[in-house]
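Residue numbers (my numbering), protein chains in the order written: chain L, -4 to 254; chain D, 905 to 1141.
Quick reminder that beta carbons are idealized off the backbone N, C-alpha and C, glycines included.
Owing to the predicted nature of the structure, the values given are computational and were not obtained by experimental measurement.
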Amino acid sequence: MNGAQPLLEVRGAGHAYGDRYGCRDVDLDLWPGEVLAVVGESGSGKSTLLGALSQRLSLTEGSVRYQTADGRVVNLAELSEAAVRRLWRTEWGFVHQNPADGLRMHVSAGGNVGEPLMAIGWRHYGRIRAAAAEWLERVEIPVDRIDDAPVTFSVGMRQRLQIARNLVVSPRLVFMDEPTSGLDVSVQARLLDLIRSLVTELGLAVIIVTHDLGVARLISHRTLVMRDGGVIESGLTDRVLDDPQAAYTQLLVSSILQG
Amino acid sequence: MNQPILAVRGVDKTFTMHLQGGQRLPVLHELAFEVHAGECVALGGASGAGKSSVLKMVYGNYAVNRGSILLRGRDGAVDIAAAGPRQVLAARRDTMGYVSQFLHCVPRVGALQIVAEPLIERGVPAAEARERAAKLLTRLAIPDRLWHLPPATFSGGEQQRVNIARGFIPGLPLLLLDEPTASLDARNRDVVLELIREKRASGTAILGIFHDVAVRGVVADRVVDVEMFAATAVAVA
Chain L
-4 MNGAQPLLEV RGAGHAYGDR YGCRDVDLDL WPGEVLAVVG ESGSGKSTLL
46 GALSQRLSLT EGSVRYQTAD GRVVNLAELS EAAVRRLWRT EWGFVHQNPA
96 DGLRMHVSAG GNVGEPLMAI GWRHYGRIRA AAAEWLERVE IPVDRIDDAP
146 VTFSVGMRQR LQIARNLVVS PRLVFMDEPT SGLDVSVQAR LLDLIRSLVT
196 ELGLAVIIVT HDLGVARLIS HRTLVMRDGG VIESGLTDRV LDDPQAAYTQ
246 LLVSSILQG
Chain D
905 MNQPILAVRG VDKTFTMHLQ GGQRLPVLHE LAFEVHAGEC VALGGASGAG
955 KSSVLKMVYG NYAVNRGSIL LRGRDGAVDI AAAGPRQVLA ARRDTMGYVS
1005 QFLHCVPRVG ALQIVAEPLI ERGVPAAEAR ERAAKLLTRL AIPDRLWHLP
1055 PATFSGGEQQ RVNIARGFIP GLPLLLLDEP TASLDARNRD VVLELIREKR
1105 ASGTAILGIF HDVAVRGVVA DRVVDVEMFA ATAVAVA
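Below is the structure:
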């Protein structure tokens, strides 16, 4: 958690679908190495916020400023499409809830991990394959599955492959949209633990959208609680979950099943 | 006299239960005390008086309604009552540690690694960190056959000792202890008391809850009775 400058500086951000706002008036700073959880029920606007921050949805109002790897602070809305695509290739990642949305399901696992490297100019087949094999190992996929397509993988393996595909280019900022929700509980625990250790090891900044407060507690430093498109409460994750101030946060916390 | 490591001044804590029609539950009013380096202060008072809430407010885990909690670290003081999340995280890394009654188990991480982690996170080389963790676990009578197993399956006492090892290992200026000997047998309790005395002797400021009167008598220099700062139920905002 170093750096004198936030990686992402969000002020008054909002996105409207027609005349209805999906999220509005969102302020936040994200620092290098920091994991921010955005929690709320479905329809709270958390995925819209993620879309607007990651430029997948347009910003209707407000601003998102990002500090690039070479130290410039850019206003994302003013970047050209080519510049945004370059960020996606080199500095950003996006982990979808459904791995099929982030993978090429009929391309081999090695191809899925190697492709982002080729997109940034890697040409040597042996090196690409070696890097892909290394990443499969890091996400606990047996290396002898390198030539198999993810369509033959279990959902948990697909999700781990999607993470490898995102992290292979050493991004600085990764957006995650409910990355563990389609999984069985035991598979979920393994994936969370994997995300937690990779994030710490690589010093990634992460914005993770989840409806699961347990996920927020396990991997995030800070939590933002959303409802009806607005931020209800935010702060240190353990403070928000152990001493929730807003009525809605208290309702969310009290709805957790005690296990 | 030297500046205190921890200075709590004029702190109020009220819980507002929105799910019970916004019922307000005032717990503490005008709480004030200090803890100096090398001093062990025990929080006293009946169960429900708010002792754990005091530790949690100091750690930044509970919000504070009013007042200040000045924590003096190596790079100056921070008011935890008003600090932002990053400042609280920095204070937890550099200035204060918290040993709760229960270990929050992280799935799939072994006991030795759990204890070594706080050192590794603070820049100690991994091999040295694991060596120091092993020494501490040995002292706390955790057999080495358990070191590489995740503590989720350990007994309550073993988990508590792993938790104590993890909390004691980094050597921070302030240590917050919530019933550190609650589920320990006499032998292990004595080891923990010895660890507390060593910390105190090396200049660590300690703020703790010790229900066991004998334990408290041995380790605490003085007692702050939290009931003296009880907020009355009729208190109005």
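In the DSSP annotation of this structure, the continuous segment of the alpha helix (DSSP H) that includes Tyr120 (chain L) starts and ends at Tyr120 to Arg133. Just so you know, the alpha carbons of Arg51 (chain L) and Val5 (chain L) end up roughly 15 Å apart. Ranked by Cα distance from Glu36 (chain L), the first of L:Trp83, L:Arg122, L:Thr63 and L:Leu219 is L:Leu219.
Closest in alpha carbon position to His1115 (chain D), among D:Val912, D:Leu947 and D:Leu929, is D:Leu947. The DSSP-derived three-state label of Glu1032 (chain D) is helix. Using a Cβ-Cβ cut-off of 7 Å, Arg84 (chain L) does not count as an interface residue toward chain D, since no Cβ of chain D sits closer than that to its own. The segment 231 to 240 of chain L makes contact with the segment 959 to 974 of chain D; the number of CB pairs closer than 8 Å reaches 3 or more. Residue-level contact check: Arg1065 (chain D) does not touch chain L, since none of the beta carbons of chain L fall below 7 Å from its beta carbon.
A contact is defined here as three or more CB-CB pairs under 8 Å, and the segment 64 to 72 of chain L fails this definition with respect to the segment 109 to 122 of chain L.
Along the segment 958 to 992 of chain D, going in chain order, the ones with a CB nearer than 8 Å to a CB of chain L are Lys960, Gly964, Asn965, Tyr966, Ala967, Pro989, Arg990 and Val992. Distance from the Cα of His216 (chain L) is smallest, within the candidate group L:Ile227, L:Gly224, L:Gly225 and L:Ile203, for L:Ile203.
By the 16-neighbour rule on beta-carbons within 10 angstroms, Gly97 (chain L) is buried. Nearest in C-alpha terms to Leu178 (chain L), of all of L:Arg155, L:His101, L:Ala8 and L:Gln245, is L:Arg155. In this model, Arg1012 (chain D) and Pro1054 (chain D) are separated by some 6 Å (Cα to Cα). Note on Thr1057 (chain D): under 16 other CB atoms within 10 angstroms of its CB, so exposed under the neighbour-count rule. About 7 Å separates the beta carbon of Ala950 (chain D) from that of Glu1131 (chain D), a gap short enough to meet the 8 Å contact definition. When D:Arg976, D:Thr1108, D:Phe1133 and D:Val1096 are compared, the shortest CA-CA separation from Glu943 (chain D) is found for D:Thr1108. DSSP places Pro174 (chain L) in the coil class of the three-state scheme, outside both helix and strand. When DSSP reads this structure, Thr218 (chain L) sits in a beta bridge with L:Ala32 and L:Gly230. Judged by their CB atoms, Gly9 (chain L) and Thr55 (chain L) are nearer to each other than the 7 Å cut-off.
Close CB contacts of Leu1099 (chain D) within its chain, under the 6 Å cut and outside five residues either way in sequence, are with Phe1072 (chain order). Gly7 (chain L) is positioned such that its CB atom lies closer than 7 Å to that of Asp20 (chain L). Its chain contains Val1019, Ala1069, Phe1072 and Ile1073 as the residues whose beta carbon lies nearer than 8 Å to that of Leu1040 (chain D), once the 5 sequence neighbours on both sides are disregarded; these appear in chain order. Secondary structure in the segment -1 to 44 of chain L: the beta strand (DSSP E) runs of 3 residues or longer, each lying completely within the stretch, are 3 to 12, 15 to 25 and 30 to 34 in chain order. Straight-line spacing of the CA atoms in Arg167 (chain L) and Ala159 (chain L) works out to 14 Å. For the segment 1044 to 1110 of chain D, the full-length alpha helix (DSSP H) segments reaching 4 residues or more read 1060 to 1072 and 1090 to 1105 along the chain.
Neighbourhood of Arg1012 (chain D) in chain L, by CB distance below 8 Å: Ala184, Arg185 and Asp188, in chain order.
For Trp83 (chain L), the enclosing alpha helix (DSSP H) has its first and last residue at Glu76 to Thr85. With a beta-carbon spacing of about 28 Å, Gln991 (chain D) and Glu1083 (chain D) fall beyond the 8 Å limit used to define contacts. CA-CA distance, Pro908 (chain D) to Trp1051 (chain D), rounds to 38 Å. Listed along chain L, the residues sitting closer than 8 Å to Leu923 (chain D) by beta-carbon distance are Ala242, Gln245, Leu246 and Ser249. Taking 7 Å as the CB threshold, Gly9 (chain L) stays off the interface with chain D. Beta-carbon to beta-carbon, Gly28 (chain L) and Ala200 (chain L) are separated by about 6 Å, close enough to satisfy the 8 Å threshold. At a cut-off of 7 Å between beta-carbon atoms, Asp237 (chain L) makes contact with chain D. Pairing Leu1080 (chain D) with Gly13 (chain L), the inter-Cα distance amounts to about 52 Å.
Looking at the backbone, the Cα of Ala986 (chain D) and that of Gln240 (chain L) are separated by about 15 Å.
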